[in-house]
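**Student:** Using my numbering, you'd call the opening residue of the sequence shown number 7 and step up by one each time.
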Amino acid sequence: MDVFEILAELDRREEQIKIKLKKIIEANLNPSPGERIQKAKLLLKLIHEFKEHVDADEFILAGMKLRDLEFEGLMILEKKPPILK
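#1: If we ignore side chains and look at the alpha-carbon of each, how far apart do A68 and K57 end up?
#2: Output needed for L48: all residues of its chain with C-beta closer than 7 angstroms, excluding positions within five of it in sequence on either side, in chain order.
#3: By DSSP, does L75 sit in helix, in strand, or in coil?
#4: Could you compute how far the alpha carbon of E76 sits from the alpha carbon of V9?
#5: Roughly how many angstroms lie between the CA atoms of F65 and K24, to the nearest whole one?
#6: Less than 7 angstroms between the beta carbons of R42 and I31, yes or no?
#7: Taking all protein chains shown into account, do 16 or more other C-beta atoms lie within 10 angstroms of the C-beta of K51, making it buried, or fewer, making it exposed?
#8: Is E64 helix, strand or coil by DSSP?
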């Protein structure tokens, strides 16, 4: 997977996280969804830091952020079957 594929996948995941965060805040079914909100904010922060490192051609630091994203449970490099429409 090259950098452009990773960036495209991260853009897609970023939108998913934003939508989920919005739903969590609006629904507020759990009296204290703070942990889920913090997790979503952390993932968004790591995605933005990854993009900043790629823009600055700091690929080692970008790789470290990608590792941090995967450590937090956001798997980017795993192969997925194509989505059929």
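For glycine and all other residues, C-beta sits at the position ideal for the given N, C-alpha and C.
**Tutor:** Inspection of the coordinates gives the following:
#1: Here residue 68 is taken as the residue at index 62 of the sequence shown, counted from 1. Here residue 57 is taken as the residue at index 51 of the sequence shown, counted from 1. Rounded to the nearest angstrom, the two C-alpha atoms are 7 angstroms apart.
#2: For the purposes of this step, residue 48 is taken as the residue at position 42 of the sequence shown. E78, listed in sequence order.
#3: The count along the sequence shown starts at 1 and reaches residue 75 at position 69. Correct three-state label for L75: helix.
#4: The sequence position of residue 76 within the sequence shown is 70, counting from 1. The sequence position of residue 9 within the sequence shown is 3, counting from 1. Straight-line Cα distance between these residues: approximately 16 angstroms.
#5: Counted from its first residue, the sequence shown places residue 65 at position 59. Counted from its first residue, the sequence shown places residue 24 at position 18. Approximately 25 angstroms between the Cα atoms of the pair.
#6: The sequence position of residue 42 within the sequence shown is 36, counting from 1. The sequence position of residue 31 within the sequence shown is 25, counting from 1. Result no, Cβ atoms of R42 and I31 do not sit closer than 7 angstroms.
#7: The count along the sequence shown starts at 1 and reaches residue 51 at position 45. With fewer than 16 other Cβ atoms within 10 Å, it is exposed.
#8: As a working mapping, residue 64 is identified with position 58 in the sequence shown. Note: E64 maps to coil in three-state DSSP.
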